[in-house]
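As given, the protein sequences belong to chains G and L, one line each in that order. For the first sequence, my numbering gives the first residue as 183, with consecutive numbering after it. For the second sequence, my numbering gives the first residue as 2, with consecutive numbering after it. Virtual Cβ for every residue (Gly too), placed ideally from N, Cα, C.
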Amino acid sequence: MDFTYDEAQHAVADLAEQILTDRLDTERLLDLEAALEEGGSWFDADLWSALAGAGLVGIALGEDVGGGGLDEVALAVLLRAQGGHVAPLPLLPHLVASLALDRLGSPEQRADLLPGCVDGSRILTVAVQEYLAEDVHRPGLRFEEGRLHGTKIVVEGVEQASQALVTATGDAGPGLFLVDLADDGITRTPGRSTRLETVWQLDLADVPSEPVGDAGGVDWLVNRLMMALCATQLGVTETALRLTAEYTSQREQFGRPLATFQAVTQRLADQFVNVGGIRLATLSAAWRLANGRDAGEDLLIAKWWASERATEVANATQHCHGGMGVARDYPLHRYTLWNKHLATSLGAGTSSLRSLGALLAAE
Amino acid sequence: MTDTIEETGLSPADEQAFADRVRAFLEANCRRTGDRQGTIGDEDPEGPSAARDFQAALADAGLAGLTYPTDFGGAGLTKRHQEVFNREVEGWHLPNTPLSISHGMCLPMLNQFGTSEQKARFMADNIRGTTIWCQMFSEPGAGSDVASLAMKATRDGDEWILEGQKVWTSGAHYCDYGIVVARTDPEQPKHQGVTMFIVDLRQPGVEVRPLRQISGGSGFNEVFFTEARTPADWQLGDRGQGWNLAVAMLMFERVSIGAGGGSALNADRTPGLIEAARARGQAGDPVVRQGLADLWIRERIRGYIGQRIRAAVAEGRVPGPEGSIAKLNGAILARRVRDVSLAIAGSSAQAWDAGDDAGDRWAVGCLSTAGISIAGGTDEVQRNIIGERVLGLPKEPDPWKGTAWEDVPRS
Ligand SMILES: Cc1cc2nc3c(=O)[nH]c(=O)nc-3n(C[C@H](O)[C@H](O)[C@H](O)COP(=O)(O)OP(=O)(O)OC[C@H]3O[C@@H](n4cnc5c(N)ncnc54)[C@H](O)[C@@H]3O)c2cc1C
Numbered sequence: 183m184d185f186t187y188d189e190a191q192h193a194v195a196d197l198a199e200q201i202l203t204d205r206l207d208t209e210r211l212l213d214l215e216a217a218l219e220e221g222g223s224w225f226d227a228d229l230w231s232a233l234a235g236a237g238l239v240g241i242a243l244g245e246d247v248g249g250g251g252l253d254e255v256a257l258a259v260l261l262r263a264q265g266g267h268v269a270p271l272p273l274l275p276h277l278v279a280s281l282a283l284d285r286l287g288s289p290e291q292r293a294d295l296l297p298g299c300v301d302g303s304r305i306l307t308v309a310v311q312e313y314l315a316e317d318v319h320r321p322g323l324r325f326e327e328g329r330l331h332g333t334k335i336v337v338e339g340v341e342q343a344s345q346a347l348v349t350a351t352g353d354a355g356p357g358l359f360l361v362d363l364a365d366d367g368i369t370r371t372p373g374r375s376t377r378l379e380t381v382w383q384l385d386l387a388d389v390p391s392e393p394v395g396d397a398g399g400v401d402w403l404v405n406r407l408m409m410a411l412c413a414t415q416l417g418v419t420e421t422a423l424r425l426t427a428e429y430t431s432q433r434e435q436f437g438r439p440l441a442t443f444q445a446v447t448q449r450l451a452d453q454f455v456n457v458g459g460i461r462l463a464t465l466s467a468a469w470r471l472a473n474g475r476d477a478g479e480d481l482l483i484a485k486w487w488a489s490e491r492a493t494e495v496a497n498a499t500q501h502c503h504g505g506m507g508v509a510r511d512y513p514l515h516r517y518t519l520w521n522k523h524l525a526t527s528l529g530a531g532t533s534s535l536r537s538l539g540a541l542l543a544a545e
Numbered sequence: 002m003t004d005t006i007e008e009t010g011l012s013p014a015d016e017q018a019f020a021d022r023v024r025a026f027l028e029a030n031c032r033r034t035g036d037r038q039g040t041i042g043d044e045d046p047e048g049p050s051a052a053r054d055f056q057a058a059l060a061d062a063g064l065a066g067l068t069y070p071t072d073f074g075g076a077g078l079t080k081r082h083q084e085v086f087n088r089e090v091e092g093w094h095l096p097n098t099p100l101s102i103s104h105g106m107c108l109p110m111l112n113q114f115g116t117s118e119q120k121a122r123f124m125a126d127n128i129r130g131t132t133i134w135c136q137m138f139s140e141p142g143a144g145s146d147v148a149s150l151a152m153k154a155t156r157d158g159d160e161w162i163l164e165g166q167k168v169w170t171s172g173a174h175y176c177d178y179g180i181v182v183a184r185t186d187p188e189q190p191k192h193q194g195v196t197m198f199i200v201d202l203r204q205p206g207v208e209v210r211p212l213r214q215i216s217g218g219s220g221f222n223e224v225f226f227t228e229a230r231t232p233a234d235w236q237l238g239d240r241g242q243g244w245n246l247a248v249a250m251l252m253f254e255r256v257s258i259g260a261g262g263g264s265a266l267n268a269d270r271t272p273g274l275i276e277a278a279r280a281r282g283q284a285g286d287p288v289v290r291q292g293l294a295d296l297w298i299r300e301r302i303r304g305y306i307g308q309r310i311r312a313a314v315a316e317g318r319v320p321g322p323e324g325s326i327a328k329l330n331g332a333i334l335a336r337r338v339r340d341v342s343l344a345i346a347g348s349s350a351q352a353w354d355a356g357d358d359a360g361d362r363w364a365v366g367c368l369s370t371a372g373i374s375i376a377g378g379t380d381e382v383q384r385n386i387i388g389e390r391v392l393g394l395p396k397e398p399d400p401w402k403g404t405a406w407e408d409v410p411r412s
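Below you can see the structure in the form of structure tokens.
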């Protein structure tokens with residue numbers, strides 16, 4: 183593969199770009215944020231409908247359930263576009279959860295849930311992270327006799343989603359389990375993420391649940407989540423860098439554009455290299471996932487770049503804006519906040535580094 | 002090192018007695034610090050009114066404005082007392098962050114450059130926290146190149162009329178007075194045509210509009226001056242000397258950001274982070290350990306830099322470019338602290354309960370770090386100062402050198 187989009191991927195990128203550009207300008211974002219402060223939710227419902235209506239939300243799902251029949255690379259393309267526009271939508275958990283259901287679920291589960299996932303009327307989320315647990319591959323949440331017990335944190339999209347795909351460990355080892363979020367056994371506690379959306383702690387007490395797929399589902403899911411996070415962060419860093427190039431070309435101090443100071447130019451050039459690394463590693467991982475190859479190493483590299491290097495991009499783009507970089511009135515701050523949120527999802531960069539070390543050192 | 006009585010003017014017994022007094026005050030009025038990373042510009046949770054109360058209590062106990070003369074509301078003590086005070090407050094939370102600019106920058110300026118009338122009029126209230134002061138340099142068009150500022154001051158009888166806009170003014174929304182630099186002589190080159198003034202912010206010609214910060218707080222503001230007035234004898238220093246005074250004030254700022262002992266910003270983070278790493282079962286992790294060791298080394302070095310500079314300030318000297326070294330070092334250190342904190346905090350750095358203090362602390366601390374590299378002159382500006390004034394490297398050529406400010410084209 184040469185890391186350029188093929189025709190179908192181009193079509194996804196162009197369509198997503200067009201819808202996002204048309205429907206989500208700064209004014210709209212400000213309105214949504216104001217609504218959020220009044221207790222509203224972090225969700226642009228119109229935008230969601232538009233993306234679903236264009237067939238994008240189900241782009242990677244099977245054609246038999248109405249989906250677009252594409253794969254993980256298409257998901258990466260779509261999430262990259264979302265990140266580039268910092269669109270407030272639980273797209274990532276929905277795309278990954280519905281893909282898991284499509285690829286691993288039973289015929290009944292697929293027929294039951296997926297058509298709604300394609301047309302956007304049904305939203306799914308994932309519940310993976312746990313307190314003080316770095317290794318998401320070995321969930322502490324228990325599955326016993328058809329019921330789930332335990333706690334998940336930083337669950338997104340809970341206000342919109344009807345079901346969650348939960349990682350848990352049962353007698354047969356780690357696996358994926360579907361729960362109805364309306365179940366009485368689930369206690370929800372809201373928290374705030376740096377991205378400003380409400381994220382939830384879910385306490386599950388004796389919640390009925392059905393497994394999705396066999397053993398191995400957790401690794402399958404975590405791999406896609408990692409790739410999806412990196413793809414979103416790719417879009418975030420690309421736009422942050424573009425905004426910064428524009429700003430430093432226009433803003434003058436000492437009688438000349440900031441971008442003519444070499445301290446600025448060189449720092450931004452380094453960020454271009456950083457973003458390039460995220461792009462290549464992420465697309466490579468997505469391609470390997472889509473083609474049934476082992477993506478473990480690529481994913482860890484991508485996640486490490488996307489945690490550490492994207493943080494560097496966030497710091498540099500913010501810093502080159504001077505005071506503007508720490509003010510909420512200027513658009514850059516959203517990218518800084520998203521970056522921070524995404525960089526620490528599924529563990530900070532150092533944990534990928536550790537896993538990569540273990541992988542490389544293993545015989 | 003200062004340990005002989007000749008050098009310090011304090012006998013060991015006096016020193017002990019003073020330390021006991023400070024400790025008694027802290028125990029009665031303060032609580033121990035958590036690991037919240039204090040920062041400039043961010044709103045202090047306790048707010049200015051708590052700061053004023055605290056400061057009044059400190060003044061009543063004879064512990065405010067330690068090295069300033071008693072005639073002007075200070076405690077009239079020695080720099081050694083200040084060192085002892087700084088040492089004793091380590092590990093305590095003093096709820097006076099809203100006064101950090103007022104005391105770290107405006108007060109030394111009044112003391113150093115004020116006329117006797119100005120000192121008599123303003124210093125005691127400033128020291129006691131009865132009035133709070135802010136710094137008004139930056140403008141939309143003049144940040145790193147603050148000397149190019151455009152705010153206009155025109156003489157009108159016994160007064161100056163101020164017209165223009167300042168921006169990023171920390172604390173202006175609760176401050177009573179500002180120290181402002183304005184252009185009095187546009188026909189002079191940029192560095193020579195500016196003058197410094199004290200201005201009363203509580204007048205109709207001054208409008209303060211809060212700006213939101215990325216961390217969510219509203220610590221800084223835009224300030225609009227429309228025919229605002231200030232008495233001619235509130236001018237600080239001579240007409241046209243504003244730039245030299247501004248540089249002095251910036252050095253006080255850099256020292257208070259990079260080396261101000263006792264402030265929340267300068268408290269050592271490593272001990273708290275070691276505890277956090279233990280609590281999260283990460284104290285054995287090689288990556289985390291390396292980060293902690295690196296931090297500890299840098300905090301020790303900051304300690305040495307700070308000691309030296311504070312000694313100079315307590316002796317009444319205006320700090321030179323070593324202020325830039327302290328500031329740059331402090332900013333780099335703050336970023337390291339953020340990175341190590343993130344590695345340790347894991348998912349609680351990502352989201353937190355509304356009521357989760359620890360989560361809130363991580364998040365605010367992490368988001369506020371960026372401001373430290375910007376406020377008081379960015380890292381690049383400090384590096385340029387160190388290059389030119391410490392290393393003696395040639396200055397960047399300025400095609401407009403010597404040109405009247407009004408003749409320089411600006412966008
Ligand atoms: C939290 C906070 C609190 C503040 N409080 C106050 C206050 O109380 N009072 C006040 O007057 N101001 C205050 N400021 C303003 C602060 O002093 C300015 O933001 C700062 O000097 C930078 O100016 P700027 O924002 O215009 O950025 P710019 O000058 O536009 O700089 C943008 C970027 O360009 C870089 N750059 C500029 N010139 C050069 C050069 N020659 N070489 C290399 N790189 C360069 C900078 O390093 C920066 O990264 C505050 C700022 C912050 C963030």
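Are the C-beta of Ser219 of chain L and some C-beta of chain G separated by less than 7 Å?
No - not a single Cβ of chain G is within 7 Å of the one on Ser219 of chain L.
Out of G:Thr371, G:Leu378, G:Ala354 and G:Lys334, which one is the CA nearest neighbour of Leu519 of chain G?
The residue with the shortest Cα to Cα distance from Leu519 of chain G is G:Leu378.
Alpha carbon to alpha carbon, what distance is there between Gln432 of chain G and Asp188 of chain G?
Those two C-alpha atoms are separated by around 35 Å.
Can you name the residues of chain G whose CB is closer than 9 Å to the CB of Thr98 of chain L?
Under the 9 Å cutoff, chain G gives no residues; its nearest Cβ is about 17 Å from Thr98 of chain L.
I'd like to know if Ile215 of chain L contacts chain G, where contact means its C-beta is closer than 7 Å to some C-beta of that chain.
yes
What does the Cβ neighbour count give for Leu363 of chain G, buried or exposed, with the cut at 16 atoms within 10 Å?
buried
If the criterion is Cβ atoms closer than 7 Å, does the pair Phe221 of chain L and Ser171 of chain L meet it?
yes
Look at the alpha carbon of Asp234 of chain L and the alpha carbon of Leu211 of chain G, and state the distance between them as a whole number of angstroms.
Spanning the alpha carbons of Asp234 of chain L and Leu211 of chain G requires a straight line of approximately 49 Å.
From the DSSP output, read off the bridge partner residues of Gln214 of chain L.
G:Ala509
DSSP-derived helix/strand/coil call for Glu16 of chain L:
helix
CA nearest to the CA of Thr369 of chain G, picked from G:Ala540, G:Gly332 and G:Gly474
Per the Cα distances, G:Gly332.
Residues bridged to Ala309 of chain G (per DSSP):
G:Val348
What residues of chain G sit near Ala209 of chain L, judged by a beta carbon separation below 7 Å?
Checking the sequence shown, residue 209 of chain L turns out to be Val, not Ala. Those do not exist, as Val209 of chain L stays about 15 Å from chain G at its closest Cβ, beyond 7 Å.
Indicate the three-state DSSP secondary structure (helix, strand or coil) for Cys31 of chain L in the structure shown.
coil
Please report the straight-line C-alpha distance between Thr40 of chain L and Pro211 of chain L, rounded to a whole angstrom.
Since pLDDT at Thr40 of chain L reaches only 44, below the 50 mark, its modelled position is unreliable, and the value read off the structure follows with that caveat. Each residue's alpha carbon lies about 17 Å from the other.
Under 6 Å: does the beta carbon of Ser145 of chain L sit that close to some heavy atom of ligand 1?
For ligand 1, at least one heavy atom lies less than 6 Å from the Cβ of Ser145 of chain L.
Under the rule that 16 or more other beta-carbon atoms within 10 Å means buried, what is Lys328 of chain L, buried or exposed?
Around the beta-carbon of Lys328 of chain L, 16 or more other beta-carbon atoms lie within 10 Å, marking it buried.
Alpha-carbon spacing of Thr71 of chain L relative to Ser374 of chain L, whole angstroms:
36 Å
Minimum C-alpha distance to Ala190 of chain G - residue among G:Leu323, G:Gln435 and G:Val255
G:Val255
Contact list for Glu381 of chain L against chain G, beta-carbon separation under 8 Å:
Here the neighbours are Phe443, Ala445 and Val446.
Whole angstroms are fine: how far does the CA of Leu323 of chain G sit from the CA of Met2 of chain L?
Confidence in Met2 of chain L is poor, its pLDDT being 43 and thus under 50, which makes the residue's placement unreliable; the coordinate value appears in the next sentence. Cα to Cα, the separation comes out at about 58 Å.
Is any non-hydrogen atom of ligand 1 found closer than 6 Å to the C-beta of Ser139 of chain L, if you look at the structure I gave you?
yes
Could you compute how far the alpha carbon of Thr116 of chain L sits from the alpha carbon of Leu108 of chain L?
13 Å
Count the other CB atoms, across all protein chains shown, that sit within 10 Å of the CB of Gly287 of chain G; report buried if there are 16 or more and exposed otherwise.
buried
Among residues of its own chain, excluding the 5 on either side of Ala484 of chain G, which ones have a beta-carbon nearer than 8 Å to its beta-carbon?
Met408, Met409, Cys412, Ile460, Ala463, Thr464, Ser466 and Ala467
Using a Cβ-Cβ cut-off of 7 Å, state whether Leu423 of chain G counts as contacting chain L.
With 7 Å as the cut-off, Leu423 of chain G does not count as an interface residue toward chain L.
Would you call the stretch 201-220 of chain L and the stretch 146-153 of chain L touching, i.e. three or more CB-CB distances under 8 Å?
no
As an exercise, report each continuous alpha helix (DSSP H) stretch of at least 4 residues that is fully enclosed by the stretch 57-105 of chain L, in chain order.
Those alpha helix (DSSP H) runs which fall completely within the stretch 57-105 of chain L and span 4+ residues are 80-90.
Assuming contact is defined by CB atoms lying nearer than 7 Å, are Leu277 of chain G and Leu296 of chain G in contact in what I supplied?
no
Using a C-beta cutoff of 7 Å, does Ile306 of chain L count as contacting chain B?
Judged by its chain identifiers, the structure shown contains no chain B, and its protein chains are G and L.
Beta-carbon contacts of Ser537 of chain G that lie in its chain and below 6 Å, excluding the five residues immediately before and after:
Leu482
With a cut-off of 7 Å, does the C-beta of Asp146 of chain L fall near any C-beta of chain G?
yes
Straight-line Cα distance separating Leu384 of chain G from Ala355 of chain L
Here the model assigns Ala355 of chain L a pLDDT of 46, short of 50, so the residue's position is not dependable, and the following value carries that caveat. If I take the Cα positions, the gap works out to 15 Å.
Interface positions of the stretch 304-329 of chain G facing chain L (Cβ-Cβ less than 9 Å), listed along the chain:
Going along the stretch 304-329 of chain G in chain order, one finds Gln311, Glu312, Tyr313, Leu314, Ala315 and Glu316 with a Cβ nearer than 9 Å to chain L.
Less than 7 Å between CB atoms is the rule here; does Ala509 of chain G satisfy it with respect to chain L?
For Ala509 of chain G, the closest Cβ of chain L is nearer than 7 Å.
Just how far apart, CA to CA, sit Val457 of chain G and Glu494 of chain G?
10 Å
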